[in-house]
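Peer 1: Before I ask anything, here is the structure I am working with.
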Amino acid sequence: MEDKQKILDLLLPALQATRNLSDLVELEYREDRELVYAKFASGNQKIANVAMDSGTALIRDVIGQII
369 MEDKQKILDL LLPALQATRN LSDLVELEYR EDRELVYAKF ASGNQKIANV
419 AMDSGTALIR DVIGQII
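In this text, residue positions in the sequence shown follow the numbering used here: the first is 369, and each later residue adds one.
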């Protein structure tokens, strides 16, 4: 089984290096809800539904749902 939080931890610096998501401060995976909480420096938060996702699908869905 893939460690989804680890994947998000590795993805975070790559997203922070982009102009669009430079203010992203945290990606938190909630296994009980199969949601990712994207937290921004402004205090805003976006939620990505990653139910039933593989690791690569998780990456695609998070990027697609928080931009």
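From the three backbone atoms N, C-alpha and C, an ideal C-beta is built for every residue, glycine too.
1) The beta strand (DSSP E) that contains isoleucine 415, what's its start and end?
2) With alanine 406 as the anchor, note down where its beta strand (DSSP E) starts and where it stops.
3) What would DSSP say about leucine 395, mapped onto helix, strand or coil?
4) Does aspartate 371 come out as helix, strand or coil in the three-state DSSP assignment?
5) Which value, in whole angstroms, describes the spacing of the CA atoms of tyrosine 397 and leucine 403?
Peer 2: So, from the listed chains and residues:
1) Note, isoleucine 415: beta strand (DSSP E), 413-417.
2) According to the DSSP assignment, alanine 406 belongs to the beta strand (DSSP E) that extends over 403-408.
3) Look at leucine 395 here: in three-state DSSP terms it is strand.
4) Under the three-state reduction of DSSP output, aspartate 371 falls in the coil class, being neither helix nor strand.
5) Using only the alpha carbons, I get a separation of about 6 angstroms.
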